[in-house]
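Novice: Got a structure for you, questions after.
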Amino acid sequence: MDFDLTPEEEAFRDEVRAFVGQHLSPEARKDPNFLATWLRAVREKRWVGFNWPAEYGGGGGGIMEQVILKEEMSRAGAPPLGTSMMGLQWVGPALIEYGTEEQKRKFLPDILDSKYQWCTGYSEPGSGSDLASLQCRAVRDGDEYVVNGQKIWTSGASFSKWIILLTRTDFGVANKHDGITCLLVEMDSPGIEVRPIKNMAGSSHFAEVFFEDVRVPVENRLGEEGKGWAVTVSALAHERSGISEVAGLISQLAQVVALAKRTQKNGRPASEDPGIRRRLAKADTIIEGMRLNGQRSLTKQLKGEKLSSETSINKLHRAFLAIELGDLALAIVGSASQYTEKMGEADDDLGGWVSGALGWPAVVIGGGTPNIQRNIIAERILGLPKD
Amino acid sequence: MNFGLTEEQEVLRTVARRFVDERAPMSVVRGIMESPGAFDESLWASIADLGWPGLIVAEEYGGAGLGWVDLVVLLEETGRGLLPAPLISTSLAATAISEFGSDDQKTRFLPSLANGSAIGTLAVLEGSDVLGAKGVALPGVSTDGGYRLNGTKRFVHDAGPASLFIVPFLANATISLAIVESTAGGVTSASRRTMDETKSMGDVTFEDVLVSSGSVLPSGGEPALNRLLDLAAVAVTAEMVGAMDRDLEITTQYAKDRIQFDQPIGRYQGVKHPLAEMYVDLETSRSLMYYAAWCATGAPDDLPRAAARAKAFAGEAFMRIGIDGVQLHGAIGFTAEYDIQLYLKRSKWASIAYGDTDYHYQRVATLGGY
Numbered sequence: 001m002d003f004d005l006t007p008e009e010e011a012f013r014d015e016v017r018a019f020v021g022q023h024l025s026p027e028a029r030k031d032p033n034f035l036a037t038w039l040r041a042v043r044e045k046r047w048v049g050f051n052w053p054a055e056y057g058g059g060g061g062g063i064m065e066q067v068i069l070k071e072e073m074s075r076a077g078a079p080p081l082g083t084s085m086m087g088l089q090w091v092g093p094a095l096i097e098y099g100t101e102e103q104k105r106k107f108l109p110d111i112l113d114s115k116y117q118w119c120t121g122y123s124e125p126g127s128g129s130d131l132a133s134l135q136c137r138a139v140r141d142g143d144e145y146v147v148n149g150q151k152i153w154t155s156g157a158s159f160s161k162w163i164i165l166l167t168r169t170d171f172g173v174a175n176k177h178d179g180i181t182c183l184l185v186e187m188d189s190p191g192i193e194v195r196p197i198k199n200m201a202g203s204s205h206f207a208e209v210f211f212e213d214v215r216v217p218v219e220n221r222l223g224e225e226g227k228g229w230a231v232t233v234s235a236l237a238h239e240r241s242g243i244s245e246v247a248g249l250i251s252q253l254a255q256v257v258a259l260a261k262r263t264q265k266n267g268r269p270a271s272e273d274p275g276i277r278r279r280l281a282k283a284d285t286i287i288e289g290m291r292l293n294g295q296r297s298l299t300k301q302l303k304g305e306k307l308s309s310e311t312s313i314n315k316l317h318r319a320f321l322a323i324e325l326g327d328l329a330l331a332i333v334g335s336a337s338q339y340t341e342k343m344g345e346a347d348d349d350l351g352g353w354v355s356g357a358l359g360w361p362a363v364v365i366g367g368g369t370p371n372i373q374r375n376i377i378a379e380r381i382l383g384l385p386k387d
Numbered sequence: 001m002n003f004g005l006t007e008e009q010e011v012l013r014t015v016a017r018r019f020v021d022e023r024a025p026m027s028v029v030r031g032i033m034e035s036p037g038a039f040d041e042s043l044w045a046s047i048a049d050l051g052w053p054g055l056i057v058a059e060e061y062g063g064a065g066l067g068w069v070d071l072v073v074l075l076e077e078t079g080r081g082l083l084p085a086p087l088i089s090t091s092l093a094a095t096a097i098s099e100f101g102s103d104d105q106k107t108r109f110l111p112s113l114a115n116g117s118a119i120g121t122l123a124v125l126e127g128s129d130v131l132g133a134k135g136v137a138l139p140g141v142s143t144d145g146g147y148r149l150n151g152t153k154r155f156v157h158d159a160g161p162a163s164l165f166i167v168p169f170l171a172n173a174t175i176s177l178a179i180v181e182s183t184a185g186g187v188t189s190a191s192r193r194t195m196d197e198t199k200s201m202g203d204v205t206f207e208d209v210l211v212s213s214g215s216v217l218p219s220g221g222e223p224a225l226n227r228l229l230d231l232a233a234v235a236v237t238a239e240m241v242g243a244m245d246r247d248l249e250i251t252t253q254y255a256k257d258r259i260q261f262d263q264p265i266g267r268y269q270g271v272k273h274p275l276a277e278m279y280v281d282l283e284t285s286r287s288l289m290y291y292a293a294w295c296a297t298g299a300p301d302d303l304p305r306a307a308a309r310a311k312a313f314a315g316e317a318f319m320r321i322g323i324d325g326v327q328l329h330g331a332i333g334f335t336a337e338y339d340i341q342l343y344l345k346r347s348k349w350a351s352i353a354y355g356d357t358d359y360h361y362q363r364v365a366t367l368g369g370y
């Protein structure tokens with residue numbers, strides 16, 4: 001057991017620190033072209049898609065360096081390394097694992113350059129937690145699939161150029177996980193209609209997407225016909241590792257602590273209230289627990305062992321914290337938290353805390369609800385019978 | 001970066017599990033529970049044969065010369081089996097002498113602690129039940145060549161079997177740590193009946209007890225006391241992790257075996273989800289605990305925070321796991337005959353020992369500058 005970095009790892013960390021020190025200085029941030037300059041600089045460093053194969057424009061980096069990079073970026077409050085979020089997080093890794101040579105050459109460089117957005121067409125009105133029951137139909141017609149059906153909760157659908165879409169090509173299967181096919185579809189294809197859905201925090205990041213006789217070339221199928229479920233599972237597993245989120249949570253907690261220190265409650269700073277202190281300490285401890293759980297998973301990965309369902313542990317902690325940190329901020333601010341408009345210079349950004357307290361479902365429900373994570377742990381790790 | 005155990009540590013775990021299963025199964029544990037003090041000399045002799053009391057004592061003093069990460073591997077296993085033995089107490093007393101004692105004190109006391117012929121413990125708490133320097137009021141009155149102690153230490157782990165106490169006392173408004181042997185004139189100790197009968201506790205009274213200056217740990221001030229209490233918290237947490245692990249194992253097996261409404265109850269999400277939560281809490285406690293144990297020598301400045309986080313989180317987790325373990329069994333879990341109740345009782349003991357969750361979360365907040 002050893003939590004220290006090797007000299008090589010320390011050297012890489014110092015390189016990242018020096019880079020962010022230079023590119024994220026207050027002066028640099030004032031530049032109107034700051035974001036564009038930043039994106040170009042990290043791209044030149046090959047830090048976008050850091051662990052993707054170098055032949056497709058990735059960094060070809062190791063797991064440990066990847067973690068160091070993410071940690072240092074979060075610690076510095078760096079902007080994202082690219083703007084094609086779904087592309088970098090989900091679509092790219094799935095393409096690397098299941099894509100044809102042509103698909104990799106066509107899509108991966110564009111994702112790394114954040115040329116356009118991707119969205120993910122998974123959930124349907126009748127298929128949420130039970131995703132494999134999906135009904136969106138794709139029928140082969142010559143060199144094309146013809147898609148009919150509906151998707152929902154599709155984040156970023158209204159401004160995405162492509163969608164990674166799960167369809168059913170075989171309705172006669174005994175096991176519902178079979179007969180699913182993954183297609184890559186251009187969002188401006190004739191027959192696609194997007195209807196944004198307003199969420200409870202007031203924004204419209206997700207949408208319903210309707211497909212009517214949408215024609216998709218066969219070469220845009222990702223993986224084999226009928227084997228699309230494996231593509232989904234790999235992408236979901238990638239999303240659950242959670243290591244990179246910890247540094248972000250640490251800075252989120254620091255913001256709540258700062259809020260507690262500058263907010264008076266019962267005639268003293270809220271940070272002196274034992275109840276508030278206990279909640280801050282518990283959040284602090286769970287974040288540290290996530291960091292260490294992540295390091296245990298990382299050790300397995302470094303030894304070449306496959307990660308299994310244990311990543312659901314951090315997903316559950318993440319869900320707790322997403323709700324708790326928002327609610328803790330409300331408890332600190334008190335009645336004033338109910339005003340959603342900024343009341344003047346002296347006030348905090350109250351609207352920001354409100355969206356924090358109402359924005360949690362994106363984290364808690366997206367990628368599998370907490371109860372689905374509990375099912376996964378109980379069935380796959382504890383070996384309890386499936387329900 | 002490597003958050004894994006060495007091959008030697010895996011072997012230690014295997015040996016320890018086999019020993020606990022074969023030498024001290026629950027039937028043996030229940031027998032030892034009958035005696036006040038929860039101490040069995042022949043079991044302790046078997047443990048001493050394995051070298052466990054001296055696991056972290058340096059080899060030159062007859063120990064195995066291993067570290068805290070090794071010790072917590074062992075304590076996870078003793079915790080799993082609720083093994084009644086003064087292993088944590090003796091390790092802590094040995095740590096006090098190893099880290100803060102003089103060469104003479106090490107030569108005199110460590111070999112007998114390492115081979116199990118002496119049993120040591122920390123005697124810290126007093127009537128105020130305040131953990132740490134603020135709770136130390138036992139006066140040491142200066143006399144020729146030493147101090148005289150008058151007062152009582154309470155809730156002392158393994159007070160009955162212990163032959164050696166590490167005693168913080170107050171003289172000239174400073175805290176010192178004394179080595180006091182149970183045979184010294186004026187020392188009386190008595191085991192009390194405890195809620196968790198696998199754990200031994202009692203009070204120790206000092207009546208005009210003479211402590212020579214040679215029996216005071218030369219580096220044993222308040223920082224030493226704080227470090228010992230942090231290590232104590234880590235040790236108890238390690239046993240908690242082992243006990244939680246076994247509690248989850250027993251309850252999961254029951255959920256697979258028990259049929260109601262024509263199904264194993266483990267098929268129902270009302271049973272399945274609490275078990276999953278137990279797993280989440282167990283593994284997170286384990287991560288926090290192992291890091292704290294590594295900090296003991298790997299990052300001593302980070303030990304207070306790491307120990308406080310581990311004890312706070314695991315204490316709360318074990319309280320819930322103890323209750324859920326019994327509750328998921330239904331009425332059978334409430335019987336004396338079923339072992340699951342012993343884990344519930346252990347949770348009540350361990351969550352309080354060396355600082356409860358509220359205490360340690362307040363420390364986490366303070367240490368974090370909140």
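Top line first, the protein sequences correspond to chains A and B. The first sequence begins at 1 in this note's numbering and counts up one residue at a time. The second sequence begins at 1 in this note's numbering and counts up one residue at a time. Just so you know, even glycine gets a beta-carbon here, dropped at the ideal spot from N, CA and C. Here the structure is a predicted model, which is why all the values come from computation and not from measurement.
1. Kindly list the residues whose CB is nearer than 7 angstroms to the CB of L69/A, restricted to its own chain and excluding five residues on each side of it in sequence; keep chain order.
2. So what's I119/B in DSSP terms, helix, strand or just coil?
3. Have a look at the DSSP bridge pairing and note the partners of Y291/B.
4. Following the continuous alpha helix (DSSP H) through I180/A, name the residue where it begins and the one where it ends.
5. Round the Cβ separation of S285/B and A317/B to the nearest angstrom and send it over; I've been treating them as touching at under 8 angstroms.
6. Relative to the alpha-carbon of D247/B, which residue among T6/B, R346/B, G31/B has its alpha-carbon at the smallest distance?
7. Identify the continuous alpha helix (DSSP H) that holds P168/B and give its terminal residues.
8. Pull out every residue of the region 282 to 294 of chain B whose Cβ sits closer than 9 angstroms to any Cβ of chain A, in chain order.
9. Which residues does DSSP pair with W52/B in a beta bridge?
10. Which bits of chain A does R309/B rub up against, with CB to CB less than 7 angstroms?
11. Could you tell me which chain B residues have their CB closer than 7 angstroms to the CB of K282/A, listed as they occur along the chain?
12. Taking only runs that begin and end inside the region 255 to 303 of chain A, name each unbroken alpha helix (DSSP H) of 4 or more residues, in chain order.
13. So L43/B and A85/B are in contact, right, with Cβ under 8 angstroms, and what is the actual spacing, rounded?
14. Closest by CA to H205/A, which one among F211/A, R195/A, W162/A?
15. At the level of alpha carbons, what is the spacing between S213/B and G146/B?
16. P372/B and T90/B: beta carbons closer than 8 angstroms?
17. Scan the region 102 to 152 of chain A and note each continuous beta strand (DSSP E) run of 3 residues or more that stays entirely inside, going in chain order.
18. Would you list the one or two residues that DSSP bridges to D213/A?
19. Rounded to whole angstroms, what is the Cα-Cα separation between E27/A and G59/A?
20. Determine the closest residue to S219/B out of V130/B, S98/B, D230/B, with distance taken between C-alpha atoms.
21. At the level of alpha carbons, what is the spacing between V139/A and V147/A?
22. For I250/B, I'd like the list of residues in its chain whose CB is within less than 6 angstroms of its CB, leaving aside the five on either flank, ordered along the chain.
23. Looking at L328/A and I287/A, is the spacing between their C-beta atoms short of 8 angstroms?
24. What in chain B is Cβ-close to R374/A, meaning under 8 angstroms?
25. Spell out whether any CB of chain B is found under 8 angstroms from the CB atom of P274/A.
26. Within the chosen definition, does the region 149 to 158 of chain A reach the region 117 to 136 of chain A through at least 3 CB pairs nearer than 8 angstroms?
27. In the region 4 to 33 of chain B, which residues sit with their C-beta less than 9 angstroms from some C-beta in chain A, listed in chain order?
28. By Cβ distance below 8 angstroms, which residues in the same chain neighbour A371/B in space, the five residues on each side in sequence not counted?
29. Does any C-beta atom of chain A lie closer than 8 angstroms to the C-beta of T297/B?
30. Can you give me the Cβ contacts of D356/B inside the same chain, cut-off strictly under 7 angstroms, excluding the 5 residues immediately before and after it?
31. Are the CB atoms of E9/A and M64/A nearer to each other than 8 angstroms?
32. Just checking my contact of V185/A with V218/A at CB under 8 angstroms: how many whole Å lie between their CB atoms?
33. Among D170/A, H177/A, N220/A, T181/A, which residue has its Cα nearest to the Cα of S189/A?
34. Please report the distance separating the alpha-carbon of R374/A from that of T37/A.
35. What did DSSP end up calling Y147/B once you bin it into helix, strand or coil?
36. For M1/A, which of helix, strand or coil comes out of DSSP?
Specialist: Considering the structure as presented:
1. Result list for L69/A: V16, W47, F50, in chain order.
2. Here I119/B sits in coil by DSSP.
3. Bridge partners of Y291/B: none, in fact.
4. Counting along the chain, I180/A falls outside any alpha helix (DSSP H), though it belongs to the beta strand (DSSP E) covering 180 to 186.
5. Right, the Cβ-Cβ distance comes to about 5 angstroms (below 8 angstroms), so this counts as a contact.
6. Proximity to D247/B across T6/B, R346/B, G31/B peaks at R346/B, based on C-alpha coordinates.
7. Run containing P168/B: none in the alpha helix (DSSP H); it sits in the beta strand (DSSP E), 164 to 171.
8. Those would be E283, T284, S285, R286, S287, L288, Y290, Y291, A293, W294, in chain order.
9. Looking at the DSSP output, W52/B bridges to nothing.
10. Neighbours of R309/B on chain A, chain order: T285, E288.
11. Within 7 angstroms Cβ-Cβ: Y361.
12. Correct list: 274 to 302.
13. Indeed, because the Cβ distance is near 6 angstroms, the residues count as touching under 8 angstroms.
14. Cα-wise, what sits closest to H205/A is R195/A.
15. Rounded to whole angstroms, S213/B to G146/B spans 4 angstroms at the Cα level.
16. Nothing about residue 372/B can be read from this structure; chain B reaches only from 1 to 370.
17. Segments of the beta strand (DSSP E) lying fully in the region 102 to 152 of chain A: 118 to 121, 137 to 141.
18. DSSP output for D213/A lists no bridge partner at all.
19. Between E27/A and G59/A, the alpha-carbon positions lie close to 28 angstroms from each other.
20. For the residues V130/B, S98/B, D230/B, the minimum Cα distance to S219/B belongs to S98/B.
21. Between V139/A and V147/A, the C-alpha separation is close to 7 angstroms.
22. Same-chain partners within the cutoff: I340.
23. Between I287/A and L328/A, the C-beta spacing is not below 8 angstroms.
24. Here the neighbours are Q269, K272, H273, A276, E277.
25. Taking Cβ atoms only, chain B reaches closer than 8 angstroms to P274/A, which makes this a yes.
26. Taking 8 angstroms as the limit for Cβ pairs, the verdict is that the region 117 to 136 of chain A does touch the region 149 to 158 of chain A.
27. Cβ contacts with chain A: G4, L5, T6, Q9.
28. Shown here, chain B extends from 1 to 370; a query on residue 371/B therefore has no answer.
29. It does not: the Cβ of T297/B has no partner Cβ on chain A nearer than 8 angstroms.
30. Cβ within range, chain order: G315.
31. Yes.
32. With a Cβ gap of about 12 angstroms, V185/A and V218/A do not count as contacting.
33. The residue with the shortest Cα to Cα distance from S189/A is N220/A.
34. Computed Cα separation, rounded: 43 angstroms.
35. Y147/B falls in the strand class under three-state DSSP.
36. Looking at M1/A - three-state DSSP - the assignment turns out to be coil, as it is neither helix nor strand.
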